[in-house]
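Visitor:
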Amino acid sequence: MDFSSQGSIHEEVICRICHQLLTEPLSLNCGHNFCQACISANESESFFGGQCRCPVCQSPYDPWNLLPNQQLTDRVKKIREANMSSHQQQRRDLCEHHGENCHLFCKEDGKAICSFCVQEQHQGHQIYSVEEVVKECQEKFQVAVYRLTQEQQEAEKLEGVINEERDTWKNCMQTERERILKGFEEMRGILDREEKRELQKLDDNEVHVLDNLAVAKDQMAQQSQYMRELISDLQRHMCEASVDTLQDIINVIRRSEVWTLKKPKIVSKKLSTFRFPDLNGMLKAFKELAEAQSHWGKKLQVLQIFMF
1 MDFSSQGSIH EEVICRICHQ LLTEPLSLNC GHNFCQACIS ANESESFFGG QCRCPVCQSP
61 YDPWNLLPNQ QLTDRVKKIR EANMSSHQQQ RRDLCEHHGE NCHLFCKEDG KAICSFCVQE
121 QHQGHQIYSV EEVVKECQEK FQVAVYRLTQ EQQEAEKLEG VINEERDTWK NCMQTERERI
181 LKGFEEMRGI LDREEKRELQ KLDDNEVHVL DNLAVAKDQM AQQSQYMREL ISDLQRHMCE
241 ASVDTLQDII NVIRRSEVWT LKKPKIVSKK LSTFRFPDLN GMLKAFKELA EAQSHWGKKL
301 QVLQIFMF
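Right, here's the structure in full:
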């Protein structure tokens, strides 16, 4: 392909000998650049008066002192890649069966088609223009991103609430623990086993509640992460949108439409309170029992004396 007539390509990347994109460009002292093969083949033709001369400005140059131009090499590489990508995209937009432009989209089959395809294997299907489908996807994309963003923000808020609940429960447990310890200090001798039993119940309750809150927090974090990934998928697919990826975009949108945040069950803050038994009553009963044991012990001793 002759690139010399293409105004979109700067003259710097065109060889003035072959009029093609530069291949392994070499720079002359005068500043002109040529393909390595072209300037080598031109040396014998431009040799005059014992010197090689530039084909453009006729300035003399030393053929043994030509320097590779890496900057131009990189620019040419990018231009070639861009041309190839554009050509491949144009080929992808053409119908593989009829070679026509795929400007229609069959929602039932989820693929881009041409007008001839409609008359053949897609008769009776829901056919829309690609522009309509793209516009619909863009609208649904905006709705999905907005809704998921709101859900994700709510998930983060609930995660904060769970953290507050966890701290509240820990404080409540600590307060109750101190109250129980203080109460049992007053009747340590006769209620030691009861003290241990109540503390164990409290510890078990604390572990149970905090474990549930930890699970709820993890679930919120997982859902929040899932929504971040879903939002990222939506944004990535729309940035890379093409005819071939329309169905992928539709699938991601459908996933976002059916997604609903599962809110955790917040544990009740109401804490069952241990009620101390009537200490005075227990001590009185214990005293009466001790007196009765002492009374009958003396009676038994007197009886044993009379028997002997």
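Counting from 1, one number per residue, gives the positions in the sequence shown under full-length UniProt numbering. All C-beta atoms, glycine included, are put in the ideal place defined by N, C-alpha and C. Note that the coordinates shown come from a computational prediction; the quantities given were computed from them, not determined experimentally.
#1: So, does the region 224-236 touch the region 151-160, judging by three or more C-beta pairs under 8 Å?
#2: To the nearest angstrom, how far is the alpha carbon of valine 76 from that of valine 13?
#3: Can you tell which of Leu246, His103, Leu26 has its C-alpha closest to the C-alpha of asparagine 65?
#4: Alpha helix (DSSP H) containing serine 27: first to last residue?
#5: Let me confirm a value: asparagine 163 is counted as buried when at least 16 other C-beta atoms fall within 10 Å, else exposed. Which label applies?
#6: Which word fits valine 252, buried or exposed, when buried means at least 16 other C-beta atoms lie within 10 angstroms of its C-beta?
#7: Please classify phenylalanine 306 as buried or exposed, where buried requires at least 16 other C-beta atoms within 10 Å of its C-beta.
#8: What residue range does the alpha helix (DSSP H) around glutamine 51 cover?
#9: Kindly indicate the opening and closing residues of the alpha helix (DSSP H) around cysteine 117.
#10: Report back the beta-carbon spacing between cysteine 30 and cysteine 54 to the nearest angstrom; my notes put them in contact at under 8 Å.
#11: Considering only the alpha carbon of each residue, which of Gly160, Glu206, Lys135, Glu11 lies closest to glutamine 219?
#12: Checking 7 Å against the spacing of the C-beta atoms, do valine 56 and histidine 32 come in under that value?
#13: According to DSSP, what are the bridge partners of serine 129?
#14: Looking only at DSSP bridge pairs, what is asparagine 33 linked to?
#15: Could you give the DSSP three-state label for leucine 67: helix, strand or coil?
#16: From the DSSP output, read off the bridge partner residues of leucine 230.
#17: By DSSP's criteria, isoleucine 14 is part of a beta bridge. Which residues make up the other side?
#18: To the nearest angstrom, how far is it from the Cα of glutamate 198 to the Cα of arginine 166?
#19: Which same chain residues end up closer than 7 Å to aspartate 248 when comparing Cβ atoms and leaving out the 5 residues on each side of it in sequence?
#20: Less than 7 Å between the beta carbons of leucine 72 and leucine 22, yes or no?
#21: With 16 other CB atoms within 10 Å as the buried threshold, where does leucine 94 fall?
#22: Report yes if the C-beta distance between leucine 234 and phenylalanine 141 is below 7 Å; otherwise report no.
#23: DSSP puts leucine 94 in a beta bridge; with which residues?
#24: Kindly give me the distance between the Cβ atoms of leucine 246 and alanine 41, rounded to whole angstroms, as I take these residues to be in contact under 8 Å.
#25: Select from Ile250, Gly110, Cys172, Ile39 the residue whose C-alpha is nearest the C-alpha of leucine 210.
#26: Span of the alpha helix (DSSP H) holding leucine 261?
#27: Identify every residue that forms a DSSP beta bridge with alanine 112.
#28: Run through DSSP, which three-state label would valine 302 get?
Guide: With the given structure in hand:
#1: yes
#2: 6 Å
#3: Comparing C-alpha distances from asparagine 65 to each of Leu246, His103, Leu26 shows the shortest one belongs to Leu26.
#4: Run containing serine 27: none in the alpha helix (DSSP H); it sits in the beta strand (DSSP E), 25-27.
#5: exposed
#6: buried
#7: With a pLDDT of 44 at phenylalanine 306, under the threshold of 50, the predicted position of this residue should be treated as unreliable, and no value is reported.
#8: That residue, glutamine 51, is in no alpha helix (DSSP H); its beta strand (DSSP E) goes 51-53.
#9: 115-119
#10: 5 Å
#11: When the alpha-carbon of glutamine 219 is set against those of Gly160, Glu206, Lys135, Glu11, the nearest one is in Gly160.
#12: yes
#13: Assignment of beta-bridge partners to serine 129 by DSSP yields Leu104.
#14: Ser27
#15: strand
#16: When DSSP reads this structure, leucine 230 sits in no beta bridge, so it has no partner.
#17: Leu21
#18: 21 Å
#19: His237
#20: yes
#21: exposed
#22: Inclusion of leucine 234 and phenylalanine 141 in the CB contact set at 7 Å is warranted, their separation being smaller than that value.
#23: Under the DSSP definition of a beta bridge, leucine 94 partners with Asn101.
#24: At roughly 50 Å, the Cβ-Cβ gap does not stay under 8 Å, so leucine 246 and alanine 41 are not in contact.
#25: Cys172
#26: Premise fails: leucine 261 is in no alpha helix (DSSP H) and is neither H nor E.
#27: Phe105
#28: Here valine 302 scores only 48 on pLDDT, less than 50, and its place in the model should not be relied on; the value that follows carries that caveat. Helix at valine 302.
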